[in-house]
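Notes follow the structure.
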Amino acid sequence: MEEHQSWRCNKETMNLDGETNLKIKQALEVTLDLKEDIKFREVRQTIKCEDPNANLYSFVGSMEWKGQQYPLSPHQLLLRDSKLRNTDYIYGAVIFTGHDTKVMQNATDPPSKRSTIEKKMDKIIYILMSSLLMIALLGSVFFGIWTKEDIRDGKLKRWYLRPDASTIFYDPKRAALASFFHLLTALMLYSYFIPISLYISIEMVKLLQALFINQDIEMYHEESDKPTHARTSNLNEELGMVDTILSDETGTLTCNMMEFIKCSIAGTAYGQGVTEVERAMAVRKGFRLDDDIENGGHKDNKIDDSPHVNGFNFKDPRIMDGNWIHEPNRDMIRDFFRLLAICHTCIAEKDENGKISYEAESPDEAAFVIAARELGFEFYKRSLTTIIIREWDPSQNVVEKRKYELLNILEFSSSRKRMSVIVKEPEGRILLLSKGADSVMFKRLARNGRKFEEDTRRHINEYSDSGLRTLVLAYRVLDDKEYKEFNEKLNAAKTSVSADRDEKIEQAADSIETDLILLGATAVEDKLQKGVPECIDKLAQAGIKIWVLTGDKMETAINIGFACSLLRQGMTQIIITLEQPDIIALEKNGDKLTIAKASKQRVMDQIEVGIKQIPPSTHVSTESFALIIDGKSLTYALEDDVKLKFLDLAIKCASVICCRSSPKQKALVTRLVKQVTHKVTLAIGDGANDVGMLQEADIGVGISGAEGMLSWQVMLPLPNSAFWNGYFWCMDIGVTGASQ
18 MEEHQSWRCN KETMNLDGET NLKIKQALEV TLDLKEDIKF REVRQTIKCE
68 DPNANLYSFV GSMEWKGQQY PLSPHQLLLR DSKLRNTDYI YGAVIFTGHD
118 TKVMQNATDP PSKRSTIEKK MDKIIYILMS SLLMIALLGS VFFGIWTKED
168 IRDGKLKRWY LRPDASTIFY DPKRAALASF FHLLTALMLY SYFIPISLYI
218 SIEMVKLLQA LFINQDIEMY HEESDKPTHA RTSNLNEELG MVDTILSDET
268 GTLTCNMMEF IKCSIAGTAY GQGVTEVERA MAVRKGFRLD DDIENGGHKD
318 NKIDDSPHVN GFNFKDPRIM DGNWIHEPNR DMIRDFFRLL AICHTCIAEK
368 DENGKISYEA ESPDEAAFVI AARELGFEFY KRSLTTIIIR EWDPSQNVVE
418 KRKYELLNIL EFSSSRKRMS VIVKEPEGRI LLLSKGADSV MFKRLARNGR
468 KFEEDTRRHI NEYSDSGLRT LVLAYRVLDD KEYKEFNEKL NAAKTSVSAD
518 RDEKIEQAAD SIETDLILLG ATAVEDKLQK GVPECIDKLA QAGIKIWVLT
568 GDKMETAINI GFACSLLRQG MTQIIITLEQ PDIIALEKNG DKLTIAKASK
618 QRVMDQIEVG IKQIPPSTHV STESFALIID GKSLTYALED DVKLKFLDLA
668 IKCASVICCR SSPKQKALVT RLVKQVTHKV TLAIGDGAND VGMLQEADIG
718 VGISGAEGML SWQVMLPLPN SAFWNGYFWC MDIGVTGASQ
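In short: position in the sequence shown from 1, add 17, done, that's my numbering.
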């Protein structure tokens, strides 16, 4: 059931897109007074919406309420298989049910999987059976002819067989019946021609192999006490014949646990930890990182011995334990961590022991809030209109509560690439606090706010090279008149019923998010599963192609690609996307057919340009290419008249990343690769949204992770980190001929 909810709630969508973070959904403001059952007696509304479709990330509709039309968007839609969190109940209207729901539109029937050897054995058996029938049939025909000729004109031809006194099996008068019985006799006598015992022998071998896989200590996950479990033994030999691996990203390549590791504040870089990408680069260059650097860059035993906090891996004695107060730019450092503690949509939860934990829309936000807490700026509580933080003053060694009035939240979107909040300080100042991608934030800085821009840009480039996700932090002070004008403009945009309502809201936000003062930048690391870069290197050396199919945003997928060595510095990226100004403008103003035609043509043009970039196989080139495509573009790339060109481009690239992919798209891509290349494909995933892909591939490996599992109808459900350590042991047998 898909519902339109009555105020605001958090939902978890791990069964849909594999993401464990919470997402905020809210109703239209005109329905805010509907908070009790009795008020629904007089409710009369008409909801018009798009036809059922498989797109998880879009929804177009409108609601007629008290004679006026109000637009509906994905913000007002709860999809089937999502879960309510931090919400007791909702009021809603059912939009789609049964097979019309988006999750059912993405569902695929589980296929029956058989190995190549079994298929070849079947063909051989069919040939042997045909040969047996032919031999027996020919023999029976000739037997019948000769038997009939034993008595001709009353004379015995083969008198020594006594045909005149024979049984039915040799009776010349009933030669046809004798021939039939001879056919049955021949079939029984020649039955040894078919090696029936071969099936039994192979099944016994496969069963023993499956037992060895189940008992493999290298694929045992000690923390969760989960061993490998081979659900079927039919596909064992296929492991050594894999040509293409199609993998999920979040929770499969990564742990989906962000850790705050570095930051740049007022042009000074803080944080002395070493990322996994830096370690991998050091190994490739042939030198070893110093142990002290790996432990945080210093020998502060107090810090090293402190217990590890999930989401926080920051180590720098200049900032920690309140030492930031001795830094020359201490006011900016204070404002930096205050922004981290305030500019978010997290929810604080207190357990029985009074310990605060956070529910966040994304792992990044959780990491920021945890980092602020660990450094003395604890986000304590929030309501619809207030945010309370507990701030530690190192100079006086006291903790004080600071209550901020929450005036507006300008939410993050893929087009805005930033998020802002407007709050009023206890002292009365109105602040705009903003964080976002460097590509949009640096453009919005004031002339007097660019003092540390050059140093911050350099640090961001260094962090990106280290595989870290970066965000730029900035703020500005608003006067009462300026804020009042903005608030009126924003409220007018929100209450607008025109088709360009979202555009008006974005324009209002753009008008206030200017003349910012730069504070610095954050750098968080999404920890890879143990052994991922090494495993990908080995697979590449074995000539195995790797495709990543993920529901993550393009920027996130690219960062993870660099972190796990799927993408490398100097690799040419061929990006196919429909997030372009003319297409976006057309989507807002054009009809569906025009949009579809223009989008398809744009995708085809980008594919053609990509193919031309890659030199033909006859030319020797050291340049490598990576194909990156988003979900919208993938919809058109998988159409019948485009998919072969798309696959041709993808096969020529060393790495392929498909972003914002729906479960059905993952399955369709897997089917395309399998059917066109006619080579063995292996799919890896840990979420229920990966089941279609796992079922479609020749071999499916389900990883027992945190992202909502359905019943795996696949080959090898494995514990998370054990997969990347132990899986290649199986591959070595088939690829190199010897296990390591």
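Cβ coordinates follow ideal geometry from the N, Cα and C atoms, glycine included.
A quick note: this is a predicted structure, and the numbers were derived from the prediction, not measured.
Which of the three DSSP states, helix, strand or coil, is assigned to Gln93? Gln93: helix per DSSP, three-state reduction.
Which residues does DSSP pair with Trp163 in a beta bridge? DSSP, once it has assigned bridges, lists no residue as partnering Trp163.
Kindly indicate which residue of Val222, Lys243, Phe229 and Leu155 has the alpha-carbon position closest to the one of Thr202. Leu155
Helix, strand or coil: how does DSSP classify Asp543 here? strand
Given Asn340, which residues of its chain have a CB within under 8 Å of its CB, disregarding the five upstream and five downstream residues? Pro334 and Pro411
With a CB to CB cut of under 8 Å and the five nearest residues on each side skipped, what residues in its chain are close to Thr164? Pro180, Tyr187, Asp188, Pro189, Ala192, Ala195 and Ser196
Could you please give the first and the last residue of the uninterrupted alpha helix (DSSP H) stretch that includes Phe663? Lys660 to Lys669
Reducing DSSP to helix, strand and coil, say where His238 ends up. strand
Phe396 vs Gly537 beta-carbon contact at 8 Å: no
With a Cβ-Cβ cutoff of 8 Å, do Leu655 and Leu689 count as a contact? yes
The alpha helix (DSSP H) with Ile624 in it runs from where to where? Note, Ile624: alpha helix (DSSP H), Lys609 to Gln630.
Inter-stretch contact at 8 Å, needing at least 3 Cβ pairs: the segment 478 to 485 / the segment 516 to 534: no
Expressed to the nearest angstrom, what Euclidean distance is found between the alpha-carbon atoms of Leu603 and Glu596? Distance between the alpha carbons of Leu603 and Glu596: 11 Å.
Pick out whichever of Arg407, Asn123 and Val47 has its Cα sitting closest to the Cα of Ile13. Given a span of 18 to 757 for the chain in the structure shown, any question on residue 13 remains unanswerable.
So, using beta-carbon positions, are Gly568 and Asn706 closer together than 8 Å? yes
Rank Thr245, Leu224, Ser241 and Glu240 by C-alpha distance to the C-alpha of Gln232 and give the top, closest one. Thr245
For Phe394 and Asp105, the rounded distance between their alpha carbons: 30 Å
Excluding sequence positions up to five away, which residues of its chain have a Cβ less than 7 Å from the Cβ of Glu422? Thr402, Thr403, Val440 and Lys441
Closest Cα partner of Thr473 within the set Glu551, Lys279, Glu502 and Ala559: Minimum Cα distance to Thr473 is reached at Lys279.
Inside the segment 536 to 593 only - alpha helix (DSSP H) runs reaching at least 4 residues: 549 to 558 and 571 to 580
By DSSP's criteria, Thr403 is part of a beta bridge. Which residues make up the other side? Glu422
Straight-line Cα distance separating Leu666 from His238: 38 Å
Phe331 (DSSP reduced to helix, strand or coil): coil
Judging by CA-CA distance, which residue of Leu101, Ile107 and Leu357 is the nearest neighbour of Asp54? Checked all of Leu101, Ile107 and Leu357; the closest Cα to Asp54 is Ile107.
Identify the continuous beta strand (DSSP E) that holds Leu448 and give its terminal residues. Ile447 to Gly453
I'd like to know whether the C-beta atoms of Phe329 and Ala377 end up nearer to each other than 8 Å. no
With a Cβ-Cβ cutoff of 8 Å, do Met138 and Ile211 count as a contact? No.
Do you know how far the Cα of Glu572 is from the Cα of Glu29? 22 Å
If we call anything under 8 Å between Cβ atoms a contact, is Leu556 one with Asp265? no
Counting only the same chain and skipping the five closest in sequence on each side, list residues whose C-beta sits under 6 Å from that of Lys691. Thr698
For Ile701 versus Cys675, is the C-beta spacing smaller than 8 Å? no
Assuming Gln62 contacts Glu81 (C-beta within less than 8 Å), just tell me the rounded distance between them. 6 Å
Assuming Leu488 contacts Ala525 under a Cβ cut-off of 8 Å, what Cβ separation, rounded to an integer in Å, is found between them? Between Ala525 and Leu488 the Cβ distance is about 23 Å, and since that is not below 8 Å, they are no contact.
Could you tell me the distance, in whole angstroms, from the CA atom of Asn576 to the CA atom of Ile592? 14 Å
If you draw a straight line from the C-alpha of Ala71 to the C-alpha of Leu101, how long is it? 21 Å
CA-CA distance, Ile234 and Ser400? 49 Å
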